[in-house]
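Engineer: Take a look at the following structure, please.
Residue numbers (my numbering): 8 to 87.
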C-alpha cells in the first residue's frame with residue numbers, strides 16, 4: 008500500500024480528510040504519516056507533540072498502520 012492507496016481506502020471507509028495528514032508535521036488533533044530520514048513514522052499529533060509514534064522501514068508498513076488507526080477510531084468518520 009502506498010499513500011495514494013491509503014487515501015482511496017480512507018475515503019471508502021468514510022474517514023474525514025481532516026482526520027489525517029500524509030505530509031508530516033504537527034497539525035492539531037490529527038493522525039500523521041511522515042517520511043523521515045531512515046524510514047517512515049506514524050503518530051497522532053496532539054498539542055504540538057507526537058503521541059504513540061511508531062517507526063517503519065517501508066511505506067507499505069506505515070500506510071497499513073495508519074489505515075488501521077483511522078478505521079479503529081470512530082472520531083475519524085464523516086458525520087452523516
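Glycine is no exception: its CB is placed at the ideal position from the N, C-alpha and C atoms.
#1: For residue 17, report the span of its alpha helix (DSSP H) as first-last.
#2: Sorted by chain position, which residues of the same chain lie with C-beta nearer than 7 angstroms to residue 57's C-beta, five sequence neighbours on each side aside?
#3: Residue 77: buried (16+ other C-beta within 10 angstroms of its C-beta) or exposed?
#4: Determine, using beta carbons only, whether residue 42 and residue 70 come nearer to each other than 8 angstroms.
Structural biologist: Let me spell this out:
#1: 10–19
#2: 50
#3: buried
#4: no
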